[in-house]
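Take a look at the structure below.
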Amino acid sequence: MNAPAASRFSEKLVAAGFLLVGGFQPEETDHVPETGGGSAPKTLLIVGSTGPGLWPTFKAAPEAEDGKPDPMDRYTRRVLSELAADFDFEPLFPFDGPPYHPFQKWALKCGGFSQSPFGLLTHIIYGPWAGLRAALLSADDLDIPTRLDTPGPCVTCKEKPCLTACPVDAIQLDTGYDIPRCLEYLGSTPDAGCWTGCRARKACPIDQSHAPDAANGRFHMKSFVGFV
Ligand code: B12
Ligand code: SF4
Ligand code: SF4
Numbered sequence: 008m009n010a011p012a013a014s015r016f017s018e019k020l021v022a023a024g025f026l027l028v029g030g031f032q033p034e035e036t037d038h039v040p041e042t043g044g045g046s047a048p049k050t051l052l053i054v055g056s057t058g059p060g061l062w063p064t065f066k067a068a069p070e071a072e073d074g075k076p077d078p079m080d081r082y083t084r085r086v087l088s089e090l091a092a093d094f095d096f097e098p099l100f101p102f103d104g105p106p107y108h109p110f111q112k113w114a115l116k117c118g119g120f121s122q123s124p125f126g127l128l129t130h131i132i133y134g135p136w137a138g139l140r141a142a143l144l145s146a147d148d149l150d151i152p153t154r155l156d157t158p159g160p161c162v163t164c165k166e167k168p169c170l171t172a173c174p175v176d177a178i179q180l181d182t183g184y185d186i187p188r189c190l191e192y193l194g195s196t197p198d199a200g201c202w203t204g205c206r207a208r209k210a211c212p213i214d215q216s217h218a219p220d221a222a223n224g225r226f227h228m229k230s231f232v233g234f235v
């Protein structure tokens, strides 16, 4: 992709509510599938989103109101598949599975992220609010965004307020995230603050300006509970 094409690609991505998280040149150990043409991809770009970035464009899309399941995944697939085709990429999606593609491993390779004590990746800029929406594969050796040179925020976070924010202690440093305990609390507490977003995520001191608003947070928590 030449510079003008890269800039058009970026503009279209942002206009649709997404952002370019980063990329890398895949190696065999990354378990990136071959492209449809049967060759090993030379570039993988990760497309992500934040709460305030994606919500308005998604809400204006037909999928948001059509009453069918998984509206945000369907919006993502439609828009990013079209964009990928226009720019000669092949898209992979995090919700296609099981088996699922190892999106978090791929995102870690892009830099800027660390694994939080509760499983999510927390980003040095987007905090714990970056969603991973697609991987775009190219058979060409493309320029990739400069890798953020940081071990990620959780490595240097001394206080770790995410560990003490859960009202039912469903998050522990040694045992990680206790999903059944979390679900039991959510199911029995319809007015819990968690219904607008996990309190561990809300407690993170890294930039909270990327957090979803209440309606957006509720949408994601309902899809999480419905998924399990
Ligand atoms: C299955 C799944 C779940 C399951 C089980 C998670 C688990 N224990 O593995 C359930 C339904 C519980 C779940 C919950 C959530 N999930 Co989830 N989940 C997935 C999914 C679709 C597949 C995970 C997988 O098996 N990958 C395959 C393995 C091979 O991939 P991997 O990268 O090598 O594996 C990593 C993960 O397993 C991770 N991990 C280990 N333990 C846990 C625990 C949790 C909670 C998570 C999120 C990850 C995680 O560690 C591995 C190494 O990095 C991914 C998408 C994807 N394709 O990865 C989203 C994904 C991991 N989930 C995500 C999110 C945001 C959530 C929720 C916060 C949803 C929400 N409300 O918004 C919740 C957490 C609940 C809360 N308290 O808020 C995001 C994470 C983004 C990020 N910044 O890291 C992903 C990437 C989806 C996305 N489109 O962005 N999830
Ligand atoms: S509070 Fe600290 S350890 Fe927890 S997710 Fe945020 S940066 Fe990571
Ligand atoms: S959603 Fe609430 S109950 Fe579940 S882990 Fe987060 S803070 Fe705990």
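Counting from 8, one number per residue, gives the positions in the sequence shown under this note's numbering. We treat Cβ as the ideally placed atom computed from N, Cα and C, and that holds for glycine.
List the DSSP bridge partners of residue i.
i, result
"Y184", "I178"
"Q122", "L128"
"A114", "For A114, which the question treats as bridged, DSSP gives no partner whatsoever."
"T50", "S145"
"G55", "L26 and L139"
"E97", "L144"
Might you give, ordered along the chain, the residues of its own chain that have their beta carbon closer than 8 Å to the beta carbon of residue i, omitting 5 neighbours on each side?
i, result
"C169", "S123, P124, F125, P135, I178, A207, R208, A210 and C211"
"G183", "P124, F125 and G126"
Should residue i be listed as close to ligand 1, given that the test is whether its C-beta is under 7 Å from any heavy atom?
i, result
"L144", "no"
"G104", "yes"
"I186", "yes"
"K116", "no"
In whole angstroms, give me the CA-to-CA distance for residue i and residue j.
i, j, result
"S145", "F120", "23 Å"
"E18", "W202", "33 Å"
"G58", "P219", "4 Å"
"A221", "G45", "44 Å"
"S24", "L149", "What sits at residue 24 in the sequence shown is Gly, not Ser. Each residue's alpha carbon lies about 23 Å from the other."
"L128", "A12", "30 Å"
"A68", "R85", "11 Å"
"R237", "G194", "Any question about residue 237 goes unanswered here, given that the chain covers just 8 to 235."
"F197", "E191", "For the sequence presented, residue 197 should be read as Pro rather than Phe. If I take the Cα positions, the gap works out to 11 Å."
"M79", "L26", "15 Å"
"D156", "G74", "43 Å"
"G159", "T153", "15 Å"
"E166", "L20", "36 Å"
"P109", "G29", "15 Å"
"A237", "A199", "There is no way to answer for residue 237, as the model of the chain reaches only from 8 to 235."
"M228", "T83", "18 Å"
"M8", "D93", "12 Å"
"C164", "R188", "25 Å"
"P40", "A22", "28 Å"
Quick one: residues in its chain with C-beta nearer than 7 Å to the C-beta of residue i, no 5 flanking neighbours on either side, listed in chain order?
i, result
"N223", "G58 and W62"
"G43", "E97"
"H38", "P109"
Using the Cβ count rule (16 or more neighbours within 10 Å means buried), how would you classify residue i?
i, result
"I53", "buried"
"S216", "exposed"
"V162", "exposed"
"G303", "The chain is shown from 8 up to 235; residue 303 falls before or after that span and cannot be answered."
"P48", "buried"
Is there at least one Cβ from chain C nearer than 8 Å to residue i's Cβ?
i, result
"W62", "Here there is only one protein chain, and chain C is not present."
Given residue i, which residues of its chain have a CB within under 6 Å of its CB, disregarding the five upstream and five downstream residues?
i, result
"A172", "R206, A207 and A210"
"L143", "L52, A91, F96 and P98"
Between residue i and ligand 5, is the CB less than 7 Å from at least one heavy atom?
i, result
"A177", "Inclusion of ligand 5 in the displayed structure is not the case, the ligand content consisting of ligand 1, ligand 2 and ligand 3 alone."
Kindly examine ligand 3 and report whether one of its heavy atoms sits closer than 7 Å to the Cβ of residue i.
i, result
"A221", "no"
"C211", "no"
"A12", "no"
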